[in-house]
Structures are given as structure tokens and as C-alpha cells.
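This report concerns only the one structure given below.
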Amino acid sequence: MKMIYSRELKKYNKNDLKSKLFLDDNTIQELLDKRILTNSKENLYSFEFVGIVIIKDRVIFSLPKYAKNDDKKIITKQLLALFREYSKREKLNEDELESIGSIDSKNIYNMLSVIIFLINDYFENGLYSNEKNFSIINGENEINWLKTIDEIQPLISEGEPIYLEYYTNTSEDDEKDYFRQLHRYILNECTKKLNNLGLTDFLGLEPIIFEVDEDSLGTPQSIISRINNELNVQFINRKQLLLKAMSSFISNEKMETNNFTISFYGTRSFHVVWEKICGYVLNNKYENVKKLIAPPKWTTLSGKEHKAAPLIPDIISITKDFFIISDAKYYSIELNEDILSGNPGVEDVTKQYLYQLAFNEYIRIKEVTSVKNMLLFPSEDKEIKQLGKVTIKFLQDLNLEDITLFSLPAHRIFDLYTNNKKLNIEKFLKLEIESEK
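In our numbering, the protein residues as written are 1345 to 1781.
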């Protein structure tokens, strides 16, 4: 099946949505209700979402707003790998749980999240297993003395019994276990679903095929009942999660329900993803120094003080010689001799100055050689580029650093994050991307 591509914030009129994206009125309204699509005062529509949207058997991928020229399939595959890694490693907010992370919610069914979880879990942990226990002769495990004494005739030597053979306890996975068979069936169905949608290659997942007697599993209703019974006796976290994911899949894919006509996998808040990824690859040390930022104090006329939340910088990177204050800005900035557009507002600039002021005492005590203050923007470029700088004169006059503007090659930053690698900060400041050794 051919993927239909769009781009975050690209404007469409209603006729475009119908003719180019093949959306009917009901689907458009549902996408608006789910906050995947937005409608402006000019009655223009745009995706405020990055990721996959599945409408029945049709697949749309909404690319990030900066992605205009690169190979769409490569970007799609990379972003899907990124979302898989991000959903495992980060603490997801409520919005992200709905769009990228929920596998067991009764109110929210995210088909791709469930399928990806099930397939990843299988490759990491194997099939669901319930062990069957039995005894064998002369095994290597613990001797079952009760069975040995009851069933084996010993030799008697000087009045003492000597057992030349004995029973030992052992166990093995029960290959005929109901839930093991059900797990095989569901993995088959997941593979079929991805193949039908044309997503197997995009997700980089290996197809899974088992021989299963589907008729022996029972109706969807009986399957759910048996899963619920199994949940009551299983207390291993992995088994609980797997059973809930299996239940969610059967409930929504095999029962006659029309609750979920649209499925999606991605984020409505790609700016949050960009911030967290940049924080990781730049080895954010904010948690180590946050106590150095004094909170605002609100004082009553009687002198009673109340402390409020302090300034929270995005990213603090610290090396032997450098103290770097960075803010990851998900903006499509354009800055050249003729134009300035897509730039952050003055409040973002003043905050960067304030962050340096907040850390000035620490910088002085530690005798930091160099302070850098920067804004980081995603781009399709192959290398880091310095775009220029932004200054405010009355703050510049306080001997604060100018705020340098950098565009970062998003695909290389994503690769570092996905592969659990961090930037070499000294190389980064020389506009080179190299991971730490």
C-alpha cells in the first residue's frame, strides 16, 4: 500500500483534504476532535501532529515541519525508530501516552503502539510461557526424595538404603499452553496487519509466522475471559503487560466494534521530543545544578514569604573548560541578509540571558574558562551550521554572552539518541558531530 505524505502545519482547504488525502467529512471531523488536525479562522486545515495516521486501511504520514526536501521514506523509517526508542526511555505525559505509549488502556486503543509492543516484546523475551513440572530419573536438579522412596527399590548395605537411581524435579515450557498458542496467533495477526498496511518495512520489524489452530482458541469473548482469569494469577510484571496488550488487541481487532476508526502513532508535541533528544545527546546536567537557581519569593505586607517555581533552562552541558546553556527550539527559522522569519520571541531570548545570570556565581567559583549560550534548531542539513546570533543591548551590556544560533542536522541527532550515544561537546562547539568515546 502506498504511503500518503503530508507535513506538519502544511495548509489545506477542505477540497484538498478530500482530493489529495482522500478524507471524507466524518473523518475530517474525527481528526479535528482528536487534535490531529486543526482548523484556522481562514478555514484552512493543517496537521499539528508528526507521525502515522491510519484511517481504515489508508496510511498518512505527517512529517516534521522542517522536512521539505529529504527522502520521505528514509525520514519516516527514522522517525518511527525514534518514537519506539523514545516511548521506552522517556517519561511520557498524558498526551504522549495516548499517541505513542498506551498498550493497556480500556479507553484508548492505539493499534500501532500495541502491535509494536507485542513484536518487540517477542524478540526480546520470546513466547509467553507457563512451565509444566515433572520428574525424571537421575537428572541434574534437586532430588525428589518422596517420589524416589515411594517408587524406587534401594539396595541395602550394612542396614542403610542406597539408591542407585533417583527422581529429580525439573520443568520446561509447556508448548501446548493455551496462552502460548494465543500469543503465537496474535503475533501472526500483527504481522498480517502490518503487511496489509505496508508498514513492515517502514517499522524495520521482522515478519512472524507460526502454525496455530485458530479454532482451538475460542471466540474473542472467551479469549478475553481466559486472559482476565490468567491476569488474576500472574504477578510477573512482563506477563501482566503482555496479557493486557493481548487483551487490548483481541478486544479492538477481533470484536465487532466501531469505536476506533482512526489510529495514530506519533506526537502532537514534537517540540517536546526535540527538547528531550537534544538534552540527552548534549548530556544535560541541569538536575545537578538546578539548586543553584534561586526561586522567586512572593512576600506579603506582613513579611510572609512564599516561594514559586524557579527558572528552568532546557539544557546545561558542563565540561572541564565550558559551561553551555542551550535551548532546543523547534522552529523553522530563516535568517539571512534579506529575511528573518520563524524565529523565537523576545521572551525566549531574555530567558537565555537570565539563565546565565542565574549561574554566574557558579561560573565564577568554578573558574569556567568559557561560557556559551545558544539556541538549537532542527534542519535537514548534513552538518551543524552557525546561523548567526541574537542580542539585546541592555542585557549584552551586563557582560553576558551573545546567544548563538545553530541549526543541527536532525537525522544525525536522532541517530545518536536512538543508538544511546552522546555528543563530544568540544567537537560540537567546533561544528563537528562526533559521539563520546
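All residues carry an ideal CB built from backbone N, CA and C; glycine is no exception.
Might you give, ordered along the chain, the residues of its own chain that have their beta carbon closer than 8 Å to the beta carbon of residue i, omitting 5 neighbours on each side?
i, result
"I1444", "G1395, F1427, Y1430, S1431, L1436, N1454, S1457, Y1609, G1610 and T1611"
"D1368", "K1362"
"D1626", "The identity of residue 1626 in the sequence shown is Leu, whereas the question assumes Asp. Taken in chain order, the residues that qualify are I1659, S1661, I1668, S1670, K1766, L1767, I1769 and F1772."
"G1562", "R1570"
"E1486", "T1512 and N1513"
"E1352", "S1390, F1391, E1392, F1393, V1394, S1406, L1407, P1408, K1409 and F1614"
"L1739", "T1694 and Y1697"
I'd like to check one pair, residue j with residue i: are the Cβ atoms closer than 8 Å?
i, j, result
"Y1349", "S1390", "no"
"I1419", "A1425", "no"
"K1421", "G1548", "yes"
"A1672", "E1619", "yes"
"S1479", "Y1511", "yes"
"P1299", "Y1699", "The structure shown has nothing for residue 1299, since the chain only spans 1345 to 1781."
"T1735", "D1746", "yes"
"N1482", "N1513", "no"
"C1622", "L1719", "no"
"I1683", "I1669", "no"
"R1524", "Y1466", "no"
"E1484", "I1496", "no"
"N1717", "T1748", "yes"
"K1409", "T1605", "no"
"L1375", "L1381", "yes"
"D1545", "N1474", "no"
Output needed for residue i: all residues of its chain with C-beta closer than 6 Å, excluding positions within five of it in sequence on either side, in chain order.
i, result
"P1654", "I1637 and P1639"
"G1647", "none"
"L1679", "L1731 and G1732"
"I1777", "R1756"
"I1677", "G1686, N1687 and F1721"
"R1528", "F1554 and V1556"
"N1573", "none"
Tell me which same chain residues have a C-beta within less than 7 Å of the C-beta of residue i, skipping the five on either side of it?
i, result
"Q1578", "Q1584 and L1587"
"S1607", "I1398, N1454, M1455 and L1456"
"I1707", "F1667 and V1715"
"I1662", "K1629"
"S1285", "Outside the displayed span of the chain (1345 to 1781) sits residue 1285, for which this structure offers no information."
"S1446", "I1452, N1454 and S1457"
"D1304", "The structure shown does not extend to residue 1304, since the chain is modelled only from 1345 through 1781, so no value can be given for it."
"T1492", "Y1507, Y1510 and Y1511"
"F1366", "R1402"
From the DSSP output, read off the bridge partner residues of residue i.
i, result
"L1782", "It is not possible to answer for residue 1782, since the shown part of the chain is limited to 1345 through 1781."
"K1729", "S1751"
"M1718", "S1670 and T1748"
"Y1356", "Y1389"
"S1641", "The sequence given here has Lys at residue 1641, not Ser. In the DSSP output, where bridge partners are listed per residue, K1641 has K1651."
"E1504", "S1501"
"R1402", "I1399"
"R1351", "L1407"
"E1678", "S1685"
"I1660", "I1669"
"F1608", "V1397"
"I1481", "Y1511"
"T1382", "S1390"
"I1487", "T1512"
"S1723", "P1753"
"V1734", "I1747"
Between the options, which lies nearest to residue i when the distance is taken from Cα to Cα?
i, options, result
"L1541", "F1405, K1765, D1665 and L1423", "F1405"
"L1407", "S1613, F1366 and E1495", "S1613"
"K1417", "L1490, L1543 and P1498", "L1543"
"E1440", "D1494, I1496, H1615 and L1526", "H1615"
"S1566", "S1595, A1589 and N1581", "S1595"
"E1711", "F1366, D1665 and L1773", "D1665"
"N1744", "E1504, N1704 and Y1630", "A small fix is needed here, since residue 1744 is Leu in this sequence, not Asn. Comparing Cα positions, the closest option is N1704."
"K1346", "F1593, T1694, V1403 and K1354", "V1403"
"L1423", "D1759, N1383, L1575 and K1520", "D1759"
"H1650", "S1779, K1641 and D1692", "K1641"
"E1597", "K1536, D1377 and E1631", "K1536"
"E1442", "E1558, K1378, D1692 and F1593", "K1378"
"M1599", "I1372, H1527, S1501 and P1564", "P1564"
"N1632", "I1656, N1370, L1490 and E1691", "I1656"
"E1468", "E1550, L1538, N1370 and E1502", "E1550"
"N1383", "K1358, K1364 and P1505", "K1358"
Does the segment 1584–1593 touch the segment 1456–1473, meaning 3 or more C-beta pairs lie closer than 8 Å? yes
Touching by the beta-carbon criterion (3+ pairs, under 8 Å), the segment 1708–1728 and the segment 1742–1757: yes
Do the segment 1547–1554 and the segment 1522–1534 meet, that is, are 3 or more Cβ pairs less than 8 Å apart? yes
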